[in-house]
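Chains as they are written, first to last, in the numbering used here: chain A, 3 to 79; chain B, 19 to 358. Read the structure below first, then the notes.
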Amino acid sequence: MKIEVLGTGCKKCVNTAEQISEAAQSIAVDAQVEKVTDPAVMMRYGVMSTPAVVIDGKLVHSGSVPDRETIENWLRN
Amino acid sequence: MLEIFTVIADWLAYATLGLDPESRLGTAVHFFIEDTTKIFALLAVMIYVIALARASLNLERVRAYLHKRHRVAGYFFGSGFGAITPFCSCSSIPLFLGFTSAGIPLGITMAFLLTSPVINEVAVVMLWGLLGWKFTLAYVVVGMAVGIIGGMVLDALRAHRWLQDFAAKAYEQAQATTADTGDDDAQSTAPQRLTFQQRHVFARDELKEIVGRIWKWVFIGVGLGAGLHGFVPEGWFAANLGAGQWWTVPTAVFAGLPLYSNATGVIPVLESLIGKGLPVGTTLAFCMSTVAASLPEFTLLKQVMQWRLLLTVFVILLVNFTVMGWVFNAIAPWLLTGGA
C-alpha cells in the first residue's frame, strides 16, 4: 500500500512517518511511506492540521501523531 | 494564593541554602526558585483545565462557525478563536489553506493567524503569575487588537490579490460557491460527544506535550530574569534608556525582531525588566515583537503568499506593535498598580 504523510516538515510529521515505517516493518506489511510537504496537496485533501495520513489516496487521520495501535490497524486493512 | 511560592523561595534560598537576602546572589536565587515553582505549578493546573474544556474543539468546527459570521463580527471571532485554539506554527500553512479554500475572507483568516501565536494558555498563565492580572488583560486586548486591525487593513487593501496562484484560485472558487460548502461543513462537523475519560486523556497528553516542549525555556527565561533581577541595579533602564521617550518603543520592536522566542522564555525576562524600570509599553512592544513576528514562521508563509503580501503583513505588525507600545506607555500608571 502507499502511505503519504502530509506535513510542512515539523518534528511531529517526521515522527509520524518514522512510526509508520517502523510499525510496517515489525508486522511485515509491505508499505511505501512517503512524506508530502506540498501545501497544494494538503489543500486538496482538505487537511487543516498536520501531520495527516493518507492511505492509497484516502485521508485517514489528521492533527496528531497517531498511536501504534491505530497505525497497525491501518496496515492490517 | 500565589504568596505560597514566595514562602517556598524564602525557605529554600535563605533558610536552607543560607543565602543573604540582601546579597545579589541571594536575590537572584530567590527570584529563580520563586518563579520556576510558581510557573510550573500554574502551568500544570491551567494547561490541564483548559485542555479538558477544549477537548472537543476542532478547526473544522471553528471554520464552520466563522463561515456563518457577518464580516465585521468575523474579525473579532477570528481573532478570538485564534486566542483559544491550540496552535503549532507548523500547522499555519494547512490551516491558512483550509480557511482560504472555504472562502473565509483573508482578513479573518489573518486575524486568526496573527492572534494565535501571541495569545495562548502558556503566555497568559505566565503573565498572570508574574506580572498580575491587569498586565495580562492588557496583553490579551493588545494581542487581539493586533489581529483584528491587521485583518481589517489587509482586507481593505484587497490583499488576497497577493496570494500564491493556487491559493488565490481556490479562494475565488470558494467565494463563488460559498452556499454549498456551508452545508458540507454542517454535516461533517457535528459536535463530538466526549466522555470524561476521553477528555482526561486528551488533557493529560496536552500537558505532557506542552511541558515537554517548554520546560527548558522556563529555566532559561527565569535564569536570565534572575540574573537581571539580582545584578542590574534598580532604575538602570530609566537612567540609561530614558523613561518612555517615544523612540524607545520602535527601538524595542526592532530589537525584538531577530529574537525568535516563545512567550515562556520572554516573560520572566520582562518581569525583571519592568522591575528595573523599563516602561510597560516599551516592554510589551518588545514582547510582542519577539513572540509574534518571528522570521522562521514568516518564511513558512511564503509558500502561500507572494512577497508583497508577506511584506505587507510584516509592516502592519510592526506598526501595530509600535502604536500599542505608545498607548500602553500612556496608560502605564494604571497597569502595574495593585495587580500583582
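Ideal Cβ placement from N, Cα and C applies to all residues, glycine included.
Alpha-carbon spacing of residue i relative to residue j, whole angstroms
{"i": "Asp223 of chain B", "j": "Val43 of chain A", "result": "29 Å"}
{"i": "Leu172 of chain B", "j": "Val333 of chain B", "result": "11 Å"}
{"i": "Glu6 of chain A", "j": "Met342 of chain B", "result": "44 Å"}
{"i": "Leu61 of chain A", "j": "Gly161 of chain B", "result": "35 Å"}
{"i": "Leu275 of chain B", "j": "Phe214 of chain B", "result": "42 Å"}
{"i": "Pro135 of chain B", "j": "Trp29 of chain B", "result": "37 Å"}
{"i": "Gly100 of chain B", "j": "Gly116 of chain B", "result": "14 Å"}
{"i": "His48 of chain B", "j": "Val236 of chain B", "result": "15 Å"}
{"i": "Leu175 of chain B", "j": "Leu145 of chain B", "result": "34 Å"}
{"i": "Lys226 of chain B", "j": "Trp233 of chain B", "result": "10 Å"}
{"i": "Val49 of chain A", "j": "Lys56 of chain B", "result": "38 Å"}
Any chain B beta carbon closer than 9 Å to residue i
{"i": "Met44 of chain A", "result": "yes"}
{"i": "Ala33 of chain A", "result": "no"}
{"i": "Thr52 of chain A", "result": "yes"}
{"i": "Thr10 of chain A", "result": "yes"}
{"i": "Gly65 of chain A", "result": "yes"}
{"i": "Pro41 of chain A", "result": "yes"}
Pick from the options that is closest to residue i, judged by C-alpha positions
{"i": "Ile51 of chain B", "options": "B:Ala62, B:Tyr32, B:Ser41, B:Ala69", "result": "B:Tyr32"}
{"i": "Val271 of chain B", "options": "B:Gly241, B:Ile285, B:Thr308", "result": "B:Thr308"}
{"i": "Thr10 of chain A", "options": "B:Arg87, B:Val331, B:Val322", "result": "B:Val322"}
{"i": "Trp264 of chain B", "options": "B:Leu336, B:Thr300, B:Val236", "result": "B:Thr300"}
{"i": "Tyr66 of chain B", "options": "B:Val229, B:Gly147, B:Ser109, B:Asn76", "result": "B:Val229"}
{"i": "Leu20 of chain B", "options": "B:Phe58, B:Asp183, B:Pro39", "result": "B:Phe58"}
{"i": "Leu132 of chain B", "options": "B:Arg326, B:Trp325, B:Phe316", "result": "B:Phe316"}
{"i": "Leu6 of chain B", "options": "B:Asp38, B:Ser41, B:Ala46", "result": "With chain B covering only 19 through 358, there is no way to say anything about residue 6 of chain B."}
{"i": "Met306 of chain B", "options": "B:Gly44, B:Thr282, B:Val63, B:Ile22", "result": "B:Thr282"}
{"i": "Val35 of chain A", "options": "A:Met45, A:Asp69, A:Asp58", "result": "A:Asp58"}
{"i": "Phe304 of chain B", "options": "B:Leu288, B:Val250, B:Arg89", "result": "B:Leu288"}
Neighbour flag for residue i against chain A, beta carbons, 9 Å
{"i": "Asn138 of chain B", "result": "no"}
{"i": "Ile111 of chain B", "result": "yes"}
{"i": "Ser119 of chain B", "result": "yes"}
{"i": "Phe184 of chain B", "result": "yes"}
{"i": "Ala188 of chain B", "result": "yes"}
{"i": "Arg81 of chain B", "result": "yes"}
Same chain, Cβ closer than 6 Å to residue i, five either side skipped, listed in chain order
{"i": "Asp53 of chain B", "result": "Val240, Pro286"}
{"i": "Leu61 of chain B", "result": "Val143"}
{"i": "Pro268 of chain B", "result": "Thr340"}
{"i": "Ser290 of chain B", "result": "Gly243, Leu246, His247"}
{"i": "Asp203 of chain B", "result": "Low confidence applies to Asp203 of chain B: its pLDDT is 43, below 50, so where it sits in the model is not reliable, and the reading given next is rough at best. Closer than 6 Å at Cβ, skipping near neighbours: Ala82."}
{"i": "Arg217 of chain B", "result": "Leu70, Ala73"}
{"i": "Met39 of chain B", "result": "One point to set straight first is that residue 39 of chain B is Pro, not Met, in the sequence displayed. These residues qualify, in order along the chain: Tyr32."}
Same chain, Cβ closer than 7 Å to residue i, neighbours up to 5 away in sequence not counted
{"i": "Ile126 of chain B", "result": "Leu84, Gly92, Tyr93, Gly96, Gly169"}
{"i": "Pro53 of chain A", "result": "Val7, Leu8, Gly9, Lys14, Cys15, Thr18, Val67"}
{"i": "Asn338 of chain B", "result": "Val164, Ile167, Gly168"}
{"i": "Leu327 of chain B", "result": "Ala177, Trp180, Leu181"}
Cross-chain neighbours of residue i in chain E, by beta carbon under 8 Å
{"i": "Glu78 of chain B", "result": "The chain inventory of the structure shown lacks chain E, comprising the protein chains A and B."}
Burial state of residue i, where buried means 16 or more other Cβ atoms lie within 10 Å
{"i": "Lys320 of chain B", "result": "exposed"}
{"i": "Thr392 of chain B", "result": "Chain B is shown only over 19 to 358; residue 392 of chain B falls outside these bounds and no answer can be derived."}
{"i": "Ala82 of chain B", "result": "buried"}
{"i": "Ala177 of chain B", "result": "buried"}
Cβ-based neighbour list, residue i, same chain, cut-off 8 Å, excluding 5 preceding and 5 following
{"i": "Arg78 of chain A", "result": "Ile29, Val31"}
{"i": "Ala2 of chain B", "result": "What the structure shows of chain B is the stretch from 19 to 358, and residue 2 of chain B is not part of that stretch, so it cannot be assessed."}
{"i": "Val250 of chain B", "result": "Ser290, Lys294"}
Residue i: CB within 8 Å of a non-hydrogen atom of the ligand SAM
{"i": "Ile102 of chain B", "result": "Among the components of this structure there are no ligands whatsoever, and the ligand SAM is therefore not found."}
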